[in-house]
Each structure stands twice: as C-alpha cells, then as structure tokens.
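One structure is given here, and the rest of the page talks about it.
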Amino acid sequence: MNTRKMTNKNFNSNLRIKLLISLSFLILSGCFSYSFKGSGLPGVETIHIEFFQDRTNEPELGVDLSNSLINKFQGDNTLKVVNEEDAQVKLAGVVSSISDAPFTFDESEVVTSYKVTVNVEATLTDIFQEKVMWRQGFAEFGTYTAASGNSGRESAINEAITKTTDLIFSQTFSGW
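All the letters of the sequence shown, read from the start, carry residue numbers 31 to 206 under our numbering.
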C-alpha cells in the first residue's frame, strides 16, 4: 500500500508538472504571436504610391523619396504595393523645399558641419470613398561636414529621405 501511495503521488506530481509546463507554453506562445501588421488600416490590403512631385532644384529628389517609400512598403509587406487601379489607398505628395544651414562651429566660429532639411507634404487617400485619411507635413534633416563637400551633402539628403520615409510609413498606420 505504501508503494501505491508513492506511485500515485509521483503520478500526480508528474501530471501537475506537465500541466504547468503546458499551460506556461500556451500563455507564452500567445505573447510571441502578437503582430502589429494591419493595425491602423482595418480591411486595407493594397496601396498605390505615386511619384512625389519635386518643387526643389535638386534632380530626382521626388523620385528618390518615392522609391524609398515603395521599397519600405514592399519590404514590410503589410500592404501590397500595386498600380492605382488595383489599390484601396493612395499615397501622394510633394517635396516642397530643401535647405542648408550651418549646424556646428569650431572655437573660431567657423562652420564645421551643415544641416540639410527636406520638407515634404504627404497625403493618404481612400480611393473608393474619395476621402483623405490623413495629410501631414514632414521636415527631416541630415548633417554633413563642411570638408565632405557634395558627397557629404548627398549622404545627408539620403539620411533625410530615410527619416521622412520612416515617418510617412508610421503615419500611414497610425494616422487615422
């Protein structure tokens, strides 16, 4: 009888451990399966990204921003980038200006780096309802050293485009 009690005790103990492990696994697996995909745009699966107009004197700035946005959306795969006829929403905009300004100085008050700011206006529209979902201005910048010249400035512009792309992408899912 003593052996039987030990066997039941071991069985109950093992059963409790297995149940505890199974329950823990179920709880934790629920935590790891959460996804932000689709949040903010219920029912929307497709987007068309127009080439942004460029009102600056910088060649290809609007095209560069548009391509950056297309790559961001395609890489994320939350919304499928399609032509306008197949899209549910449309992202459009304009690069309205670009400006350079001194950013840092040395002890003699000589400029050591510059800040280049890119200003963009963007609009997300529900194509079927012909309704503006959000419209917003973005002003992002990149920096470059005075010694780096045009190549440094180009890198700073690309930095500003990347920051703007990230903000527009985030706004698309949180802006309405």
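All C-beta atoms, glycine included, are put in the ideal place defined by N, C-alpha and C.
- Here DSSP, grouped into helix, strand and coil, assigns Val-140 to coil.
- Within the same chain, Ile-79 and Val-111 come within 7 Å of Ile-100 by CB-CB distance, once the 5 residues on both sides are set aside.
- Thr-173 and Gly-123 have their alpha carbons spaced roughly 24 Å apart.
- Cα atoms of Ile-198 and Val-141: separation of roughly 32 Å, rounded to the nearest angstrom.
- When DSSP states are grouped into helix, strand and coil, Leu-197 belongs to the helix group.
- For Ala-131, the number of other beta carbons within 10 angstroms of its own is below 16, and it is reported as exposed.
- Counting along the chain, the unbroken beta strand (DSSP E) around Ser-129 starts and ends at 119–135.
- With respect to Val-125, Leu-154 sits apart: the two C-beta atoms are not nearer than 9 Å.
- By the neighbour-count criterion, in which a residue is buried when 16 or more other Cβ atoms sit within 10 angstroms of its Cβ, Ala-190 is buried.
- Per DSSP, Val-162 is not a residue of any alpha helix (DSSP H); the beta strand (DSSP E) it occupies stretches across 161–175.
- Contact between Thr-195 and Ser-98 is confirmed by a C-beta separation of about 4 Å, below the 8 Å threshold.
- Phe-82 is a Cβ neighbour of Leu-95, given a cutoff of 9 Å.
- Per the DSSP secondary-structure output, Val-74 pairs with nothing in a beta bridge.
- For the options Glu-75, Gly-73 and Asp-84, the alpha carbon positioned closest to that of Ala-152 is the one of Asp-84.
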